[in-house]
Amino acid sequence: MGRTAKRTAAQTELGLRVRRLRTAQGLSQMALADRIGLHFTFVSTVERGERNLSLSSLLRIAEGLGVDPAELVRGLMGEPQR
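Right under this line is the structure:
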């Protein structure tokens with residue numbers, strides 16, 4: 012993440028949700044990445060809340076985890092963390 016980019020509470024929470032679902036399924040970051048056709052470092056940056064996902068990436072992650080995308084984003088707000 013660049014020096015000027017602000018991580019939002021929504022990005023952090025989304026990352027936590029992805030991590031919880033992935034680990035509950037017994038998947039490594041590499042296994043999830045293989046499933047969705049992305050690099051494992053991408054999954055890692057998502058889980059750390061360092062990436063602002065595109066809709067396409069969000070849909071791929073949700074599909075890879077076998078969940079409705081709404082489950083990942085429900086209730087998230089985009090305010091920067093302080």
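Residues in the sequence shown are numbered from 12 upward in steps of one, following this note's numbering.
Backbone N, C-alpha and C define an ideal beta-carbon position, used for all residues, glycine too.
The C-beta of E58 has 16 or more other C-beta atoms within 10 Å across all chains shown, which makes the residue buried.
From the listed residues R18, K17, L25, the smallest Cα separation to L87 is found for L25.
In terms of Cβ geometry, G75 and R31 do not form a close pair [threshold 7 angstroms]. For G60, the number of other beta carbons within 10 angstroms of its own is at least 16, and it is reported as buried. Here A73 is near L83, since their CB atoms are less than 7 angstroms apart.
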